[in-house]
Amino acid sequence: MSSVSSETAIERFVAAATADRPEPAKPRAAEAMLDGPVLPTLLRLAAPTIALMSLQGIVSAGETAFIGRLGPSALAGVSLSFPLVMLMTTLSAGAYGGGVASRVARALGSGKVEEARGLTGTALGLAALIGVAYTLAMQLGGGAIYRALGASGPSLAAAVRYSDLLFLSATPFWIFGAAASVLRGTGNAAYPALVGAVGGVVTLAVSPLLIFGAGLFPGLGIAGAAAAIVAYNVAAMLALLRPLWRPGSVVRPAWSMLIPRWRHTVEILRIAIPSGCGTILTNATVLVLTGFVAPFGEAATAGYGAAGRLEYLLIPVVFGIGSALVPLVAANDGAGRADRVRQFTRAGALLGMAVCAVVGLTVAIAPQLWMGLFTTDASVQAIGESYLRRVGPAFPCLGLGLALYFASQGRGRMVPPLLATSTRLLISSVGGAVAVRLAGGSLDSVFHVMSAGLAAYALIMVFVMRRELGLSAS
Numbered sequence: 008m009s010s011v012s013s014e015t016a017i018e019r020f021v022a023a024a025t026a027d028r029p030e031p032a033k034p035r036a037a038e039a040m041l042d043g044p045v046l047p048t049l050l051r052l053a054a055p056t057i058a059l060m061s062l063q064g065i066v067s068a069g070e071t072a073f074i075g076r077l078g079p080s081a082l083a084g085v086s087l088s089f090p091l092v093m094l095m096t097t098l099s100a101g102a103y104g105g106g107v108a109s110r111v112a113r114a115l116g117s118g119k120v121e122e123a124r125g126l127t128g129t130a131l132g133l134a135a136l137i138g139v140a141y142t143l144a145m146q147l148g149g150g151a152i153y154r155a156l157g158a159s160g161p162s163l164a165a166a167v168r169y170s171d172l173l174f175l176s177a178t179p180f181w182i183f184g185a186a187a188s189v190l191r192g193t194g195n196a197a198y199p200a201l202v203g204a205v206g207g208v209v210t211l212a213v214s215p216l217l218i219f220g221a222g223l224f225p226g227l228g229i230a231g232a233a234a235a236i237v238a239y240n241v242a243a244m245l246a247l248l249r250p251l252w253r254p255g256s257v258v259r260p261a262w263s264m265l266i267p268r269w270r271h272t273v274e275i276l277r278i279a280i281p282s283g284c285g286t287i288l289t290n291a292t293v294l295v296l297t298g299f300v301a302p303f304g305e306a307a308t309a310g311y312g313a314a315g316r317l318e319y320l321l322i323p324v325v326f327g328i329g330s331a332l333v334p335l336v337a338a339n340d341g342a343g344r345a346d347r348v349r350q351f352t353r354a355g356a357l358l359g360m361a362v363c364a365v366v367g368l369t370v371a372i373a374p375q376l377w378m379g380l381f382t383t384d385a386s387v388q389a390i391g392e393s394y395l396r397r398v399g400p401a402f403p404c405l406g407l408g409l410a411l412y413f414a415s416q417g418r419g420r421m422v423p424p425l426l427a428t429s430t431r432l433l434i435s436s437v438g439g440a441v442a443v444r445l446a447g448g449s450l451d452s453v454f455h456v457m458s459a460g461l462a463a464y465a466l467i468m469v470f471v472m473r474r475e476l477g478l479s480a481s
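In the numbering used here, the protein residues as written are 8 to 481.
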């Protein structure tokens with residue numbers, strides 16, 4: 008009897024807390040996604056994220072420089088953990104975040120505010136669970152992973168010390184990533200970018216103090232570098248949760264909504280899981296291509312590594328465009344605005360292609376502009392310049408394909424783009440093997456295979472998104 012009465016009391020309390028809450032008005036940013044001019048709206052949403060990505064690259068370079076002063080073991084330790092950090096980042100921001108932003112924007116575009124609130128609660132609760140799982144996995148298996156990668160001695164100790172502390176903040180990291188994606192889904196990309204920018208600058212300023220110490224404050228060494236990132240993750244989480252819970256927030260979830268609901272979980276993961284598989288396939292492609300270059304010698308590996316870094320720098324820029332495309336396409340698709348879905352898809356594809364074309368064609372014509380930043384070794388420069396001359400003209404295909412990939416996230420269709428990513432991996436694997444082993448090809452032939460892989464990726468993405476591009480009536 009007491010159990011029944013206590014349950015009734017809880018129900019009355021929840022009802023009283025939520026019954027008089029007014030229905031929030033749709034924010035102006037969300038209205039602009041449905042009614043604003045296409046290109047200005049796309050640029051307004053994309054610019055903050057592009058700026059943030061550029062700043063984070065600078066912050067990452069600065070952090071690496073500080074850690075490098077601790078010696079080669081510390082630098083090697085951080086380098087070992089870097090792929091795992093990047094995997095968590097891409098899965099959180101790109102795969103999971105894309106699913107969250109897409110579903111929230113679609114719900115708002117359809118006028119389903121309660122649905123958007125429920126999705127927000129599930130996104131945050133599920134992110135917390137994933138973060139806990141990531142922390143446990145790294146605490147229990149981090150050392151084994153680093154040993155499998157060949158680490159031993161001081162570098163292994165440094166990697167374990169750094170990652171054990173860093174991944175303690177995996178939960179706030181995943182939560183702030185989910186919160187940022189929800190905000191982007193409402194059309195607010197500026198605030199998450201502002202939080203990230205301020206946090207990045209503060210982290211870069213605080214890191215030397217924590218690493219090296221000052222005055223009476225002792226330096227923490229490599230643990231100080233991890234502590235700075237932990238503090239950033241916690242502060243960013245709190246800063247990004249604030250606008251979600253402020254009075255009048257259109258996506259403000261009830262506390263009960265933080266328990267993930269099966270229906271909302273499926274909706275988010277239906278986009279996130281294929282996107283995550285695409286991320287893994289992309290990383291596998293890079294590993295395969297590096298494996299084909301390595302037998303040509305140390306100079307080849309160094310030249311390809313320096314030149315290929317440019318492709319990595321282009322991806323965050325296109326991600327900025329894509330992070331805007333996801334909510335714009337999703338919101339208009341949810342509102343039944345097929346005409347604006349086509350307009351935003353075309354604009355995003357052309358913008359991504361144009362940005363990468365400017366960079367790719369510039370370095371194809373004058374590759375020394377890029378290679379001269381990294382080395383004065385003539386053999387390394389020659390190989391890097393050969394790569395840029397042959398692969399640079401295919402960079403527009405990268406921009407086109409990635410932009411369409413994000414538009415596909417907005418449409419909620421993520422299985423077909425896996426075909427494009429898988430095809431690139433297949434061409435890289437088979438074509439590389441033919442060029443290197445069967446045909447006794449030169450390094451230039453491997454670079455041609457890389458170009459072919461990018462071209463195939465773009466062509467398949469155009470085919471997959473032909474309806475959204477207005478190339479097909481069905």
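Using N, Cα and C, we set each Cβ at its ideal position, and we do this for glycine too. Quick caveat, the model's predicted, so the values are computed rather than measured.
Uninterrupted alpha helix (DSSP H) stretches inside the stretch 259-347 (no shorter than 4 residues): 269-300 and 305-341
Please report the residue range of the alpha helix (DSSP H) in which M421 lies. For the purposes of this step, residue 421 is identified with residue 414 of the sequence shown, where counting begins at 1. Element bounds for M421: n/a, residue is neither H nor E.
Please state whether the Cβ-Cβ distance between R113 and A338 is less than 8 angstroms. The count along the sequence shown starts at 1 and reaches residue 113 at position 106. The count along the sequence shown starts at 1 and reaches residue 338 at position 331. Contact flag set, yes.
Enumerate in chain order the residues of its own chain whose CB-to-CB distance from M8 is below 6 angstroms, with the five nearest sequence positions on each side excluded. Locating residue 8 in the sequence shown gives position 1, counting from the first residue. Low confidence applies to M8: its pLDDT is 43, below 50, so where it sits in the model is not reliable enough to give any reading.
Three-state class that DSSP yields for A5 in the structure shown: Nothing in the structure corresponds to residue 5, since the chain is present only between 8 and 481.
Can you check which of these residues, T369, A53 and V348, is closest to G327 by C-alpha distance? Taking the sequence shown and counting its residues from 1, one reaches residue 327 at position 320. Put simply, of T369, A53 and V348 the residue whose alpha carbon is nearest the alpha carbon of G327 is A53.
Would you tell me roughly how many angstroms separate the C-alpha atoms of M145 and F174, rounded to the nearest one? Position 138 of the sequence shown, counting from 1, holds the residue named residue 145. Position 167 of the sequence shown, counting from 1, holds the residue named residue 174. Taking the straight line from one Cα to the other gives about 7 angstroms.
Which whole-angstrom value is the C-beta distance of V258 and T193, which I expect to be below 8 angstroms? Taking the sequence shown and counting its residues from 1, the one referred to as residue 258 is at position 251. Taking the sequence shown and counting its residues from 1, the one referred to as residue 193 is at position 186. 6 angstroms between Cβ atoms; contact.
How about N240 and P179: do their beta carbons lie closer than 8 angstroms? The residue labelled residue 240 in the question sits at position 233 within the sequence shown. The residue labelled residue 179 in the question sits at position 172 within the sequence shown. Contact flag set, yes.
Please report the residue range of the alpha helix (DSSP H) in which T129 lies. Against the sequence shown, residue 129 aligns to sequence position 122. Per DSSP, T129 belongs to the alpha helix (DSSP H) from V120 to A155.
DSSP three-state call for P79: helix, strand or coil? For the purposes of this step, residue 79 is taken as the residue at position 72 of the sequence shown. Of the three classes helix, strand and coil, the one that applies to P79 here is helix, per DSSP.
Could you pull out every residue in the same chain whose Cβ sits closer than 6 angstroms to the Cβ of A196, ignoring the five residues on either side in sequence? On the sequence shown, position 189 is the one that residue 196 refers to. The residues are L52, P55 and T56.
Taking the straight line between their C-alpha atoms, what separation do you get for A158 and A164? The count along the sequence shown starts at 1 and reaches residue 158 at position 151. The count along the sequence shown starts at 1 and reaches residue 164 at position 157. Whole-angstrom Cα-Cα distance: 9 angstroms.
If you follow the alpha helix (DSSP H) that A200 is part of, which residue opens it and which one closes it? As a first step, residue 200 must be located in the sequence shown, where it is residue number 193. Where A200 is concerned, the enclosing alpha helix (DSSP H) stretches over A197 to F219.
List the DSSP bridge partners of P225. For the purposes of this step, residue 225 is taken as the residue at position 218 of the sequence shown. Its beta-bridge partners are G220.
Quick check: the stretch 63-77 against the stretch 335-353, are there 3 or more CB pairs under 8 angstroms? Taking 8 angstroms as the limit for Cβ pairs, the verdict is that the stretch 335-353 does not touch the stretch 63-77.
Spatial distance of S479 from I275 (CA atoms): Stepping through the sequence shown from its first residue, residue 479 is reached at position 472. Stepping through the sequence shown from its first residue, residue 275 is reached at position 268. Going by the C-alpha atoms only, they are around 28 angstroms apart.
Could you tell me whether the Cβ atoms of T96 and T289 are closer together than 8 angstroms? As a first step, residue 96 is located in the sequence shown; it is residue number 89 there, counting from the start. As a first step, residue 289 is located in the sequence shown; it is residue number 282 there, counting from the start. Contact flag unset, no.
Name the residue from L216, D42 and I266 whose alpha carbon lies nearest to the alpha carbon of P225. For the purposes of this step, residue 225 is taken as the residue at position 218 of the sequence shown. By alpha-carbon distance to P225, the top candidate from L216, D42 and I266 is L216.
Would the stretch 99-114 and the stretch 407-417 be scored as touching if the rule is three or more Cβ pairs under 8 angstroms? Segments in contact, yes.
Inter-residue Cα distance where the pair is P281 and M40: Walking along the sequence shown from the start, residue 281 turns up at place 274. Walking along the sequence shown from the start, residue 40 turns up at place 33. About 26 angstroms.
Where the alpha helix (DSSP H) through A463 begins and ends: Locating residue 463 in the sequence shown gives position 456, where the first residue counts as 1. L450 to V471 is the span of the alpha helix (DSSP H), which, as asked, contains A463.
Can you tell me whether P79 is buried or exposed? The criterion is at least 16 other CB atoms within 10 Å of its CB, across all chains shown. Mapped onto the sequence shown, residue 79 falls at position 72. Result: exposed.
Taking the straight line between their C-alpha atoms, what separation do you get for S13 and L126? Residue 13 sits at position 6 when you count from the first residue of the sequence shown. Residue 126 sits at position 119 when you count from the first residue of the sequence shown. In this prediction, S13 has a pLDDT of 39, which is less than 50 and means its spatial position is unreliable; nothing more can be read from the coordinates.
Three-state secondary structure (DSSP) of T382: Translated into the one-based positions of the sequence shown, residue 382 becomes position 375. If DSSP states are grouped into helix, strand and coil, T382 belongs with coil.
Tell me, to the nearest whole angstrom, how far the beta carbon of G408 is from that of A465; I am working on the premise that it is less than 8 angstroms. The residue labelled residue 408 in the question sits at position 401 within the sequence shown. The residue labelled residue 465 in the question sits at position 458 within the sequence shown. Indeed, because the Cβ distance is near 4 angstroms, the residues count as touching under 8 angstroms.
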